[in-house]
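J.: Residue numbers (our numbering): 303 to 611.
Set out below in structure tokens:
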């Protein structure tokens, strides 16, 4: 199987030749390969030819990084829509249809920051129609953006609005059903109708809204957060026949735990989420800047040992 075929099979709840792997974002390229991925601010003020050269070099570098890690999907980061489209085309030019190409594409309400939480709560209570109007505008904008990227050759999206704290969702399940779920379902339907894949990411304790997330028909859920007490074994038991799972090696353990704890977390994921297919191996968030590279490579060593079906 190619990497893309492997990912597609898992996202469709099938059993590929081996468990695929990818990361929402990989922030350790400098530690691994000596330089970082291109960011939008590095393109400011450059001529069109210079922008094209840098994007071409970055696409080649991305392929080198993800080949070395043996990832099956590449998530394009840090660039605006125009430059993301240029990157998609370069990745296809250099690697054909080998990788599944993903990007961010959510358009639903996420946990407000500290400055906006009270205002959001007041609006829901005092003016719910304005909240629905905003939700409508957000999802329409996201649809337009996502369909443009799919037309340019992208394969799918990581939908990265965070909904949950460690104790549960930022809205009650009833309010979540009103202000988030129908809009998320519409966005995913548009992506599916256009031939794309949708992976829904949220940190935190998703269990009170698990049924709603499944009802939106995303292809997969990410990250099945162990730091919020979410057990991938239990989620697999409950909904593994309805939605693929991506996760969920314990990122906090990777940062501060023992080698034994990291290995145990990776083995647990593969032991209980791999059987029957519909599983993509990855961390419970991302390999973030400051995480020791050797810890992430240790996790990949477990995956290589246990990945084959």
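Positions of the beta carbon are idealized from the N, C-alpha and C atoms, including for glycine. Note that this is a predicted model, so its numbers are computed, not measured.
Mark residue 538 as exposed unless 16 or more other C-beta atoms lie within 10 angstroms of its C-beta, in which case mark it buried.
T.: Position 236 of the chain shown holds residue 538. Residue 538 comes out buried.
J.: Take residue 544 as the anchor and find which of 576, 498, 355 and 513 has the nearest alpha-carbon.
T.: Here residue 544 corresponds to residue number 242 of the chain shown, with the count starting at 1. Of 576, 498, 355 and 513, the residue nearest in Cα terms is 513.
J.: For residue 584, list the residues DSSP reports as bridge partners.
T.: Translated into positions along the chain shown, residue 584 becomes position 282. Answer is 550, bridged to residue 584.
J.: Please report the distance separating the alpha-carbon of residue 483 from that of residue 409.
T.: The count along the chain shown starts at 1 and reaches residue 483 at position 181. The count along the chain shown starts at 1 and reaches residue 409 at position 107. Whole-angstrom Cα-Cα distance: 12 Å.
J.: Using a 10 Å radius around the Cβ and a threshold of 16 neighbouring Cβ atoms, would you call residue 507 buried or exposed?
T.: As a first step, residue 507 must be located in the chain shown, where it is residue number 205. Under this definition residue 507 is a buried residue.
J.: Any contact of the segment 330-350 with the segment 379-386, i.e. 3+ C-beta pairs under 8 Å?
T.: Short answer: they touch.
J.: Could you tell me whether the segment 322-330 touches the segment 580-589, using the rule of 3 or more Cβ pairs below 8 Å?
T.: They touch, by the three-pair rule.
J.: Checking 8 Å against the spacing of the C-beta atoms, do residue 450 and residue 383 come in under that value?
T.: Against the chain shown, residue 450 aligns to sequence position 148. Against the chain shown, residue 383 aligns to sequence position 81. In this structure, residue 383 lies closer than 8 Å to residue 450 by Cβ.
J.: Alpha carbon to alpha carbon, what distance is there between residue 598 and residue 497?
T.: By 1-based counting over the chain shown, the position of residue 497 is 195. By 1-based counting over the chain shown, the position of residue 598 is 296. Straight-line Cα distance between these residues: approximately 32 Å.
J.: Does DSSP put residue 611 in a helix, in a strand, or in coil?
T.: In the chain shown, the residue the question calls residue 611 occupies position 309. Coil at residue 611, not helix or strand.
J.: Which residue from 535, 609, 547 and 605 puts its Cα closest to that of residue 574?
T.: Stepping through the chain shown from its first residue, residue 574 is reached at position 272. Comparing Cα-Cα distances from residue 574 to each of 535, 609, 547 and 605, the minimum goes to 535.
J.: Within the segment 409-487, note down every full alpha helix (DSSP H) run reaching 4 residues or more, in order along the chain.
T.: Fully enclosed alpha helix (DSSP H) runs of 4 or longer: 419-428, 430-453 and 475-481.
J.: Can you tell me the Cα-Cα spacing of residue 530 and residue 568, whole angstroms?
T.: Looking up residue 530 in the chain shown gives position 228. Looking up residue 568 in the chain shown gives position 266. Whole-angstrom Cα-Cα distance: 17 Å.
J.: For residue 455, which option in 388, 406 and 337 has the closest C-alpha, if you only look at C-alpha atoms?
T.: As a position in the chain shown, residue 455 is number 153, starting the count at 1. Among 388, 406 and 337, the Cα nearest to that of residue 455 is on 388.
J.: Does the beta-carbon distance from residue 505 to residue 464 come in below 8 Å?
T.: Taking the first residue of the chain shown as 1, we reach residue 505 at position 203. Taking the first residue of the chain shown as 1, we reach residue 464 at position 162. Yes, these two residues count as a Cβ contact at 8 Å.
J.: Excluding the 5 residues flanking residue 353 on each side, which residues of the same chain have their C-beta closer than 6 Å to its C-beta?
T.: Sequence index remark: in the chain shown, residue 353 carries index 51 (1-based). Taken in chain order, the residues that qualify are 345.
J.: With burial defined as no fewer than 16 other Cβ atoms inside 10 Å of the residue's Cβ, what is the status of residue 368: buried or exposed?
T.: Against the chain shown, residue 368 aligns to sequence position 66. When all chains shown are included, residue 368 counts as buried.
J.: Would you give the residue range spanned by the beta strand (DSSP E) that residue 326 belongs to?
T.: Here residue 326 is taken as the residue at index 24 of the chain shown, counted from 1. Neither: residue 326 is in no beta strand (DSSP E) and is coded neither H nor E.
J.: Smallest Cα separation from residue 406: which of 549, 397, 418 and 452?
T.: By 1-based counting over the chain shown, the position of residue 406 is 104. The candidate whose alpha carbon is nearest that of residue 406 is 452.
J.: I'd like the ranges of any alpha helix (DSSP H) spanning at least 4 consecutive residues and lying wholly in the segment 321-402.
T.: Counting only runs of 4 or more, we get 331-335, 350-371 and 383-397.
J.: I'd like the span of the alpha helix (DSSP H) that includes residue 534, first residue to last.
T.: As a first step, residue 534 must be located in the chain shown, where it is residue number 232. First-last of the alpha helix (DSSP H) with residue 534: 534-541.
J.: Does residue 457 pass the burial test, meaning 16 or more other C-beta atoms within 10 Å, or should it be called exposed?
T.: As a working note, residue 457 is residue 155 in the chain shown. Buried is the call here.
J.: With burial defined as no fewer than 16 other Cβ atoms inside 10 Å of the residue's Cβ, what is the status of residue 393: buried or exposed?
T.: In the chain shown, residue 393 corresponds to position 91, counting from 1. By the 10 Å Cβ count, residue 393 comes out buried.
J.: Should the segment 423-439 be regarded as contacting the segment 471-482, the criterion being three or more beta carbon pairs within less than 8 Å?
T.: Touching, yes.
J.: Locate the beta strand (DSSP E) running through residue 502, then write down its first and last residues.
T.: By 1-based counting over the chain shown, the position of residue 502 is 200. First-last of the beta strand (DSSP E) with residue 502: 499-503.
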